[in-house]
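One structure is given below, encoded as structure tokens.
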């Protein structure tokens, strides 16, 4: 593994720890895989705020629409066995559909271009107001006309992937959950993934949480719903580690996969753009495609009423990032992008050298907190409070023992001024000076703030 990847993996948890404190999110689990092997797996915060249970990497999360990628892999597996074709009208495999729905192809369902309604006329299951649809209810909805003619535009549909679950059952003669567990999940070597609830007894499971508003506090949203006929669209339960392994195996360049490389190439091929979005997103077959800066990615995201999750694969770099959060306002999208920004920065700037490595650390002032991140030929001055900590990062050129020059900074900052490390009597770095400003450790700044501002007498509780 390249040195820059190792250095990035060291910084990612430090950045996320600060993000967790700032955002006051309940919990977050991450995994990063390199060439399909998990090389970083961490958990932050709590599995349940009400009980105080700490989150671990072994806790399962509802990963919602990640399910679509597993379902798509199952469909492509059946295609490889010549048991169906992507241009088959879905009515060839499932009866009782509206004629226009029956005419839609399996490929159109996989790419969300069949024109089907997203969640039905009563989408209360996503607000936890009603159970998820059973098969009879799903079939009744699919007997109604689609919203748009097929191949009109990208139009996301959970009902469409529910229909693909019925296709799998029709073709295999097996229940969806049983077949997908045996043929995709088990063959991919995943030991912490289930197609739906309930989980085996004793399996650690996170509790979901609401946002802080409107109550001003979070409440527990259990997220233990059986999604019934929509398992193929949103039922899956997994860990960041398992998701990183599975999605890494969907890379066309992966050495091991449940699918042939031809099928994987078909899955990651852009089918439709999300035209009414500024995010430059596309959809393939059961996969979302996008970019962070100049790095392209594919993967999927998931939103349950208790958890937000996202997994991205970085083709050509053999890296996969999975971020799982257990709140309805979780930062999985922002933090997965942030991790990719960190990886990009380390690939470009390189890992620390003997000349720069002593400058590592997090330093505080009344105004802000800065991370000094040693790179190959300079020290980056990063802002861990930002979702991209390397955005407009300053640079220090090390000029001698504990001394440097700020060689790059914004016009409102300290460009061209000095920088130095200040050591205590034990030789440890105790302060950093950037320009004319002294940066302290968190403990030292906290003590200074208490001494200066927090000495007012407390009200007598009696």
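Residue numbers (full-length UniProt numbering): 1 to 462.
We put the beta carbon where it would ideally sit given N, CA and C, even for glycine.
Quantities reported herein were computed from a predicted structural model and do not represent experimental measurements.
Query                                                                                                                             : Result
Cβ separation of residue 303 and residue 64, assumed to be a contact under 8 Å, to the nearest whole Å                            : 5 Å
Anticipated Cβ contact below 8 Å, residue 32 with residue 40, distance rounded                                                    : 4 Å
At least three beta-carbon pairs within less than 8 Å, the stretch 298-318 to the stretch 222-234                                 : yes
Counterpart residues of residue 213 in DSSP-defined beta bridges                                                                  : BP columns for residue 213 are empty, so no partner.
Proximity of residue 86 and residue 106 at Cβ, strictly below 7 Å                                                                 : yes
Separation of residue 362 from residue 381, as counted between CA atoms                                                           : 10 Å
Boundaries (first-last residue) of the beta strand (DSSP E) holding residue 374                                                   : 369-374
Simplified DSSP assignment, three categories, for residue 433                                                                     : strand
Selection from 205, 398, 392 that minimises the alpha carbon distance to residue 411                                              : 392
Proximity below 7 Å, CB of residue 281 to CB of residue 290                                                                       : yes
Burial state of residue 134 (16 or more Cβ within 10 Å)                                                                           : exposed
Beta-carbon contacts of residue 130 that lie in its chain and below 8 Å, excluding the five residues immediately before and after : 122, 124
First and last residue of the uninterrupted beta strand (DSSP E) at residue 291                                                   : 288-292
The stretch 9-18 in contact with the stretch 172-183 per 3-pair CB rule at 8 Å                                                    : no
Span of the alpha helix (DSSP H) around residue 67                                                                                : 67-80
Contact test: residue 14 Cβ vs the ligand NAD heavy atom, cutoff 6 Å                                                              : Summarising the ligand content, the structure contains no ligands, and the ligand NAD is consequently not present.
Identity of the residues DSSP links to residue 382 by a beta bridge                                                               : 371
Collapsed DSSP secondary structure at residue 48 in the structure displayed                                                       : strand
Where residue 395 sits in the DSSP three-state scheme                                                                             : strand
At least three beta-carbon pairs within less than 8 Å, the stretch 235-246 to the stretch 55-62                                   : yes
Spatial neighbours of residue 255 in its chain, beta-carbon cut-off 8 Å, leaving aside the 5 residues before and after            : 35, 36
Boundaries of the beta strand (DSSP E) in which residue 33 is found, first to last residue                                        : 27-34
Classification of residue 205 by the beta-carbon crowding that lies within 10 angstroms, buried from 16 upward                    : buried
Residue 212, buried or exposed, once every other Cβ within 10 Å from all chains shown has been counted against 16                 : exposed
CB contact flag (residue 352, residue 384, <7 Å)                                                                                  : no
Member of 182, 267, 203 whose CA lies at the smallest distance from the CA of residue 192                                         : 203
Proximity of residue 356 and residue 379 at Cβ, strictly below 7 Å                                                                : yes
Residue 445 in three-state terms, based on DSSP                                                                                   : helix
Separation of residue 439 from residue 181, as counted between CA atoms                                                           : 53 Å
CB of residue 532 within 7 Å of CB of residue 100, strictly                                                                       : Given that the chain is displayed from residue 1 to residue 462, the structure contains no residue 532 and the question cannot be resolved.
Helix, strand or coil at residue 117 [DSSP, three-state]                                                                          : coil
Residue 454 burial status per 10 Å Cβ neighbour count (16 or more: buried)                                                        : exposed
Residues that DSSP places opposite residue 37 in a beta bridge                                                                    : 34
Residues of its chain near residue 115, where Cβ-Cβ distance is below 7 Å and the 5 sequence neighbours each way are ignored      : 146, 147, 148, 149, 150, 152, 155
For residue 187, the nearest candidate out of 257, 339, 272, 342 (CA to CA)                                                       : 257
Coil, strand or helix - residue 232 by DSSP                                                                                       : helix
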